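Enquirer: Numbering (my numbering), first residue to last: 108 to 343.
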Amino acid sequence: MISARAEPYEFAFDPQKTALLMIDFQRDFVYPGGFGESLGNDTSFLLKALPPAARVLNACRAAGIFVIHTREGHRSDLSDLPVAKYERGQPSLHIGDPGPMGRLLVRGEYGHDIVEEVYPIDGEPIVDKPGKGAFYATDMDTILKTRGIRYLIVCGVTTEVCVQTSDREANDRGYDALVLADCVGSYFPEFQRVALEMIKAQGGIFGWVGDSSAFLEVLGSVYPAAAAAAGAASGA
Ligand code: TIU
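Structural data, given as structure tokens:
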């Protein structure tokens, strides 16, 4: 077991039983012209999570930590899209409507896919999910349990929506999860702050909150290749 500085106290984990969970780093949320912007959001707020998340991703790959990615989206016939989700917010553009990056939040479209900086490589499962949570209507739990995973390192967007929903789901399923504050992003700075507060309050009611530097420090001390990979990703 090794441990990373975190709140409300050190996050102890066994790297062999740990997965890096990369949540919804899709063009639809991160870039203008996608689903996120159609909801009235300024997507530029999410961009700053990408460089630290890429460093963590590269370090975990070098350390041999299991990596799993998620994407929120729907079948092209929208048969898994609840009417409630379709209608919510009375947006000018709905899920499934055409946009500059293809049909909004539809699987197989350019906007639905993951951005280049953190794109999956061979051997890293991608879990397509119809909802906000990574465990709802997916085989996420089966994949993690099959690998003997107990600990999760969490990066992704957005902090108070898909990241926190997934973190709560993971908590109820018996995982210990560390959310890296600089590797998650929200359209709302205030929600970023309070979403992270909620996780670590009450002795870590849903889990732990740390940051990429503390995590990379401990990983690099045990796996020198991880330190080199993180440095290479940052251009250091
Ligand atoms: N709207 C918003 O903040 N997020 C989402 O709709 N999905 C995810 O967080 N991935």
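Glycine included, every Cβ here is placed at the ideal spot set by N, Cα and C. These numbers come from a predicted model, not from an experiment.
Quick check: the segment 166 to 186 against the segment 123 to 142, are at least 3 beta-carbon pairs closer than 8 Å?
Expert: Output reads yes: the segment 166 to 186 touches the segment 123 to 142.
Enquirer: For Ser110, which residues does DSSP report across the bridge?
Expert: Looking up residue 110 in the sequence shown gives position 3. Answer by DSSP bridge pairing, in chain order: Ala119.
Enquirer: Using beta-carbon positions only, say whether Leu303 and Ala277 come within less than 8 Å of one another.
Expert: By one-based count along the sequence shown, residue 303 stands at place 196. By one-based count along the sequence shown, residue 277 stands at place 170. No; because the gap between Cβ atoms is not below 8 Å, this pair is not in contact.
Enquirer: Listed in chain order, which residues are found with a beta carbon closer than 5 Å to a heavy atom of the ligand TIU?
Expert: In chain order, the qualifying residues are Asp131, Glu179, Thr265, Val268 and Cys269.
Enquirer: Can you name the start and end residues of the beta strand (DSSP E) that Phe173 belongs to?
Expert: The residue given as residue 173 occupies position 66 in the sequence shown. Run containing Phe173: Phe173 to Glu179, per the beta strand (DSSP E) assignment.
Enquirer: Is the separation between the beta-carbon of Gly240 and that of Gly140 shorter than 8 Å?
Expert: For the purposes of this step, residue 240 is taken as residue 133 along the sequence shown, with counting starting at 1. For the purposes of this step, residue 140 is taken as residue 33 along the sequence shown, with counting starting at 1. It is not a contact, given that the beta carbons lie outside the stated cut-off.
Enquirer: In chain order, what are the residue ranges of uninterrupted alpha helix (DSSP H) at least 4 long that sit wholly in the segment 260 to 325?
Expert: Those alpha helix (DSSP H) runs which fall completely within the segment 260 to 325 and span 4+ residues are 271 to 279 and 296 to 311.
Enquirer: In the DSSP output, what is Met129 paired with across the bridge?
Expert: One-based indexing of the sequence shown puts residue 129 at position 22. Beta-bridge pairing links Met129 to His176 and Cys262.
Enquirer: At 3 residues or longer, and completely inside the segment 196 to 230: list those beta strand (DSSP E) runs for me, N to C.
Expert: DSSP runs (the beta strand (DSSP E)) wholly in the segment 196 to 230: none.
Enquirer: Have a look at Pro296, Ile256, Gln197 and Leu153 and flag the residue whose alpha-carbon is nearest the alpha-carbon of Gln123.
Expert: In the sequence shown, residue 123 corresponds to position 16, counting from 1. If we check each option's Cα against that of Gln123, Ile256 comes out closest.
Enquirer: Over what stretch of residues does the beta strand (DSSP E) that includes Lys236 continue unbroken?
Expert: Within the sequence shown, numbered from 1, the residue matching residue 236 stands at position 129. Start and end: Ile233 to Lys236.
Enquirer: Let me check understanding here. Comparing Cα to Cα, which of Lys307, Pro227, Leu326 and Thr265 lies closest to Phe295?
Expert: If you number the sequence shown from 1, residue 295 lands on position 188. Cα-wise, what sits closest to Phe295 is Thr265.
Enquirer: Touch check for the segment 109 to 117 and the segment 312 to 328: three-plus C-beta pairs under 8 Å?
Expert: In short, these stretches touch, since the Cβ pair count reaches three.
Enquirer: If you pair each beta-carbon of the segment 162 to 170 with each one of the segment 244 to 256, do three or more pairs fall below 8 Å?
Expert: Judged by Cβ distances under 8 Å, the segment 162 to 170 makes no contact with the segment 244 to 256, as fewer than three pairs qualify.
Enquirer: Which whole-angstrom value describes the C-beta separation of Ser293 and Phe152, a residue pair presumed to lie in contact below a C-beta threshold of 8 Å?
Expert: Taking the first residue of the sequence shown as position 1, residue 293 is located at position 186. Taking the first residue of the sequence shown as position 1, residue 152 is located at position 45. Ser293 to Phe152, Cβ: 7 Å. Contact.
Enquirer: Excluding the 5 residues preceding and the 5 following Phe242 in the sequence, name in chain order all residues of the same chain whose CB lies nearer than 6 Å to its CB.
Expert: As a working mapping, residue 242 is identified with position 135 in the sequence shown. For Phe242, where only same-chain residues beyond five positions count, the Cβ hits under 6 Å are Asp248 and Glu276.
Enquirer: Apart from the five residues on each side of it in sequence, which residues of its chain come closer than 6 Å, Cβ to Cβ, to Trp315?
Expert: As a first step, residue 315 must be located in the sequence shown, where it is residue number 208. Closer than 6 Å at the Cβ level, and outside the excluded window around Trp315, lie Ala113, Phe118 and Leu285.
Enquirer: Using the C-alpha atoms, what's the distance from Asp204 back to Gly215?
Expert: For the purposes of this step, residue 215 is identified with residue 108 of the sequence shown, where counting begins at 1. For the purposes of this step, residue 204 is identified with residue 97 of the sequence shown, where counting begins at 1. Taking the straight line from one Cα to the other gives about 14 Å.
Enquirer: For Thr150, which residues in the same chain have their Cβ closer than 8 Å to its Cβ, ignoring the five residues on either side in sequence?
Expert: Counting from one through the sequence shown, the residue named residue 150 turns up at place 43. Once the five neighbours on either side are set aside, the close Cβ partners of Thr150 are Phe136, Val137, Tyr138, Pro139, Gly141, Gly143, Glu144 and Tyr294.
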